[in-house]
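**Student:**
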Ligand SMILES: Nc1ncnc2c1ncn2[C@@H]1O[C@H](COP(=O)(O)OP(=O)(O)O)[C@@H](O)[C@H]1O
Ligand SMILES: [Mg+2]
């Protein structure tokens, strides 16, 4: 019956509101991966010879690597030859010269996602790089940023226009052979964001990238490189969504951050990839390597993530604290519902003297989902006076979900201090009764309690996004009570 | 206003309330007294609709409407308020946010506009002063790290904010020192109104020196075994529960006491 179908559609739409597909003509590679495909990809991007060499080296290395199986997740074997490694909306010129040349269909897509790109309606104070499938389609606020000396562009542009910077840093934080997914990404990455903040500059606005997967059977392999030169500061945010499809899609990104002396990088993620339906069908496989190198003295790298989407998440934003007095932070909210699986956490590698790190992880499990925190705190022999504080809290909603914590500590320095706190709690019947006795709907009550649980992390997000993150939790929790 | 007829309720298969009858009219204040474990909190929770308790027999109506058909939140919106004996903490959720969500849920039910943050802040500050709570408490997590007395004052503050039809106060006097008892009693007296009923649950009669009830009932073994006026409370204080053939630590399932009815 038409009406019932409509009702069902309404419901689904409400649960994942970014699930639409943009009808746009694309140039898409045939599925499959080999050296020719990589050469073609590099050719389309008009990359210099060294870049192709770099990719091929990564590819050959990757062929010898095994897919990791230690994470607390299960998923069907991925056939890497059934994926298409490049898909881009058709357009006349290679790069959009200005926003006026961007396909209106694309502008509409981002508008629908709440990210207006057009000059008149741009988000105030936030510069956006919009990545659609395999390419960056637009970058806003280029001029004011250029005036401040900040380079904010797609990584493809950076490879052509700032080869020295790219060559100097690309792969220094996450090398080819780091892990299976990072190796794959190094071979086939298609686009992503490049940021360079020069000496002593405080980036005048928030920078952000919005990743959108649209095409079917396509993997998204983005690569982000952010370099904060001496005494500079930058705050960067990424958001991501994808259409609802019955097949799983692969997203394997690599993010590298480099902070020199006295520099600070604040990196925030609001991840809302399509999580699959209530039966666990479809959804994004999110296998991501994010790592920051605090190489300068007194430098600081701070990761904040709110992870509500994806069918399977495998992600450990980490800090290598090499510089003396350098600081690493990891604030995380990971929410899983229905059949979602997340294995996420961080690594804090203390190498320098007096380095310090803080880990605050909040895992929320609902439905039949599984949520694991995996963290490593490591002190090298030179990490004199280093400190770590870890707080790892899990919240369960219902009794069919699971929460797991895997904290690892390795110390080669006796002066290092580690503090670890962990709690597991439930949204209790008493809390629910109190809220409901005060007239509050059960769904609203759960979302309020969960938001309270995440408060310490939300307060680390840039203002504009803290509100969004709260709303996102509410939507993701829908149907978790009753 | 509230009518309870032959109410039986059990928890985890054990019968706690064994036939309660009670009529409360608008404007009245009733006190329920009784030894520990006699079922006072159970009665309060059942009235508010806590699903942990199962009503096996009897009826409850509020102004003629069958309460047993309503969910907890629907009863609350109809004007039933419960001040908890042991208020639970909700970490990270500010009192202010919690209270505004609650007030707006009630307003929405009545078809009124939501209160914005600024309007609400003003109102909440005024009322917090009325129960001698520093407005700084509004910013703290719900009951998070509150002392016993602060929790109780916070409950009364909520009653004043929500202006219910029926306020059930479960041992709001326990754990309070003399000064706090005075503040809480003043708050409860401020709640007294023509169109509102108050059901006060207490173990001790001392609260009744401050809030003079119209009726006093003694609950024991899951039944009301004696009802009277104010003087019944005084008599209980003088002679103890033993006077009614009850030991103070009487529990609901020791049926030896029901002969006193
Ligand atoms: N959630 C519960 N689970 C099991 N037994 C309960 C529960 N709540 C109350 N009881 C039992 O019900 C009886 C009455 O308790 P209660 O209503 O709290 O008494 P009062 O408030 O008069 O002290 C006691 O025997 C108590 O142990
Ligand atoms: Mg009690």
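Residue numbers (our numbering), protein chains in the order written: chain V, 30 to 511; chain Y, -15 to 245. Beta carbons are placed, not taken as given, at the ideal position from N, Cα and C, and that holds for glycine. Remember, predicted model here, so these are calculated numbers, not experimental data.
Evaluate residue 417 (chain V) with the Cβ neighbour count: other Cβ atoms within 10 Å of its Cβ, from every protein chain shown; 16 or more gives buried, anything less gives exposed.
**Tutor:** So residue 417 (chain V) ends up on the buried side.
**Student:** Whose CA, out of V:85, V:438, V:316 and V:337, lies closest to the CA of residue 346 (chain V)?
**Tutor:** Minimum Cα distance to residue 346 (chain V) is reached at V:316.
**Student:** Using beta carbons (cut-off 8 Å, strictly below), is residue 72 (chain Y) in contact with chain V?
**Tutor:** For residue 72 (chain Y), the answer is yes, since a Cβ of chain V falls inside 8 Å of its Cβ.
**Student:** From the DSSP output, in three-state form, read off residue 502 (chain V) for me.
**Tutor:** In the structure shown, residue 502 (chain V) sits in a helix (DSSP, three-state: H, G or I).
**Student:** Specify whether the segment 111 to 119 of chain Y and the segment 54 to 64 of chain Y touch according to this definition: at least 3 beta carbon pairs, one from each stretch, less than 8 Å apart.
**Tutor:** Flag = no, the segment 111 to 119 of chain Y and the segment 54 to 64 of chain Y do not touch.
**Student:** With three or more beta-carbon pairs closer than 8 Å as the criterion, would you say the segment 310 to 324 of chain V touches the segment 168 to 188 of chain V?
**Tutor:** Touching, no.
**Student:** Taking C-alpha atoms, which residue in V:214, V:282 and V:63 lies nearest to residue 111 (chain V)?
**Tutor:** The shortest C-alpha separation from residue 111 (chain V) is found at V:63.
**Student:** Pull up the distance between the alpha-carbon of residue 116 (chain V) and that of residue 248 (chain V), whole angstroms please.
**Tutor:** Those two C-alpha atoms are separated by around 9 Å.
**Student:** Ignore the nearest five residues each way along the sequence and tell me which others in residue 32 (chain V)'s own chain have a CB closer than 7 Å to its CB.
**Tutor:** Residue confidence for residue 32 (chain V) is low, a pLDDT of 31 falling below 50, so the modelled location carries little weight; the figure read from the coordinates is stated next. So the list is empty, once near-sequence residues are dropped.
**Student:** What number of angstroms, rounded off, separates the C-alpha of residue -7 (chain Y) from the C-alpha of residue 181 (chain Y)?
**Tutor:** When rounded, the distance between both Cα atoms is 23 Å.
**Student:** Quick one: is residue 500 (chain V) buried, meaning 16 or more other Cβ sit within 10 Å of its Cβ, or exposed?
**Tutor:** It is exposed - the Cβ of residue 500 (chain V) has fewer than 16 other Cβ atoms within 10 Å.
**Student:** Could you say if the segment 475 to 492 of chain V and the segment 442 to 450 of chain V meet the contact criterion of at least three C-beta pairs nearer than 8 Å?
**Tutor:** Result no; under three Cβ-Cβ pairs closer than 8 Å.
**Student:** Any C-beta of chain V within less than 8 Å: which residues of the segment 84 to 97 of chain Y qualify?
**Tutor:** Those residues of the segment 84 to 97 of chain Y that come within reach of chain V (Cβ to Cβ, closer than 8 Å) are 85, 86, 89, 90 and 93.
**Student:** Would a check of beta-carbon distances place residue 68 (chain Y) closer than 8 Å to chain V?
**Tutor:** It does; some Cβ of chain V falls within 8 Å.
**Student:** I'd like to confirm something about residue 55 (chain Y): is its beta-carbon nearer than 7 Å to some heavy atom of ligand 3, or not?
**Tutor:** Of the ligands one can find in the structure shown, namely ligand 1 and ligand 2, none is ligand 3.
**Student:** Taking CB distances under 8 Å as the criterion, tell me whether residue 477 (chain V) reaches chain Y.
**Tutor:** Chain Y, which has a Cβ nearer than 8 Å to the Cβ of residue 477 (chain V), makes this yes.
**Student:** Can you check DSSP and say which residues form a bridge with residue 467 (chain V)?
**Tutor:** The partner list for residue 467 (chain V) (beta bridge, DSSP) is empty, contrary to what the question assumes.
**Student:** Cα separation between residue 133 (chain Y) and residue 160 (chain Y)?
**Tutor:** Using only the alpha carbons, I get a separation of about 6 Å.
**Student:** For chain Y, check one thing: does any of its Cβ atoms lie closer than 8 Å to the Cβ of residue 481 (chain V)?
**Tutor:** Taking Cβ atoms only, chain Y reaches closer than 8 Å to residue 481 (chain V), which makes this a yes.
**Student:** Give a yes or no on whether 8 Å exceeds the smallest Cβ distance from residue 242 (chain Y) to chain V.
**Tutor:** With a pLDDT of 35 at residue 242 (chain Y), under the threshold of 50, the modelled position of that residue is not reliable, and the figure given next carries that caveat. No, because no Cβ of chain V sits closer than 8 Å to the Cβ of residue 242 (chain Y).
**Student:** Residues of chain V with a CB under 9 Å from the CB of residue 60 (chain Y): which are they?
**Tutor:** Correct list: 465, 466, 467, 468 and 469.
**Student:** Name, in chain order, the residues that DSSP records as bridge partners for residue -13 (chain Y).
**Tutor:** Paired residue(s): Y:7 and Y:45.
**Student:** Could you check which residue in V:382, V:383 and V:358 has the C-alpha nearest to that of residue 375 (chain V)?
**Tutor:** Closest by alpha carbon: V:358.
**Student:** Looking at chain V, which residues of the segment 31 to 48 of chain Y have a Cβ within less than 7 Å of any of its Cβ atoms?
**Tutor:** Against chain V - using a Cβ distance shorter than 7 Å - the residues of the segment 31 to 48 of chain Y are 32, 34 and 36.
**Student:** Taking the beta strand (DSSP E) that residue 173 (chain V) belongs to, which residues open and close that run?
**Tutor:** Taken as a continuous stretch (DSSP letters only), residue 173 (chain V) belongs to no beta strand (DSSP E), being part of the alpha helix (DSSP H) at 171 to 176.
**Student:** Thinking residue 380 (chain V) and residue 350 (chain V) are a contact (beta carbons under 8 Å), I'd like their distance in whole angstroms, please.
**Tutor:** Yes, residue 380 (chain V) and residue 350 (chain V) are in contact; Cβ-Cβ is about 6 Å, under 8 Å.
**Student:** When the Cα of residue 328 (chain V) is compared with those of V:291, V:334, V:335 and V:343, which residue comes out closest?
**Tutor:** The shortest Cα separation from residue 328 (chain V) among V:291, V:334, V:335 and V:343 belongs to V:291.
**Student:** Residue 236 (chain V) to residue 195 (chain V), Cα distance in whole Å?
**Tutor:** So the alpha carbons of these two residues sit roughly 19 Å apart.
**Student:** In the DSSP assignment, the alpha helix (DSSP H) including residue 26 (chain Y) goes from what residue to what residue?
**Tutor:** 24 to 32 is the extent of the alpha helix (DSSP H) around residue 26 (chain Y).
**Student:** Beta-carbon separation of residue 326 (chain V) and residue 355 (chain V) under 8 Å?
**Tutor:** Going by C-beta atoms, residue 326 (chain V) is nearer than 8 Å to residue 355 (chain V).
**Student:** Comparing the C-beta of residue 185 (chain Y) with each C-beta of chain V, is any distance below 8 Å?
**Tutor:** It does not; no Cβ of chain V falls within 8 Å.
**Student:** For the alpha helix (DSSP H) holding residue 170 (chain Y), just list the boundary residues, first then last.
**Tutor:** 162 to 175 is the extent of the alpha helix (DSSP H) around residue 170 (chain Y).
**Student:** If the cut is a Cβ gap below 7 Å, which residues of chain Y does residue 460 (chain V) touch?
**Tutor:** By Cβ distance, chain Y contributes 72 and 74.
**Student:** Does DSSP classify residue 93 (chain Y) as helix, strand or coil?
**Tutor:** Note: residue 93 (chain Y) maps to helix in three-state DSSP.
**Student:** Exposed or buried, which one is residue 19 (chain Y) when buried takes at least 16 other CB atoms within 10 Å?
**Tutor:** Residue 19 (chain Y) should be labelled buried.
**Student:** Three-state secondary structure (DSSP) at residue 336 (chain V)?
**Tutor:** Strand at residue 336 (chain V).
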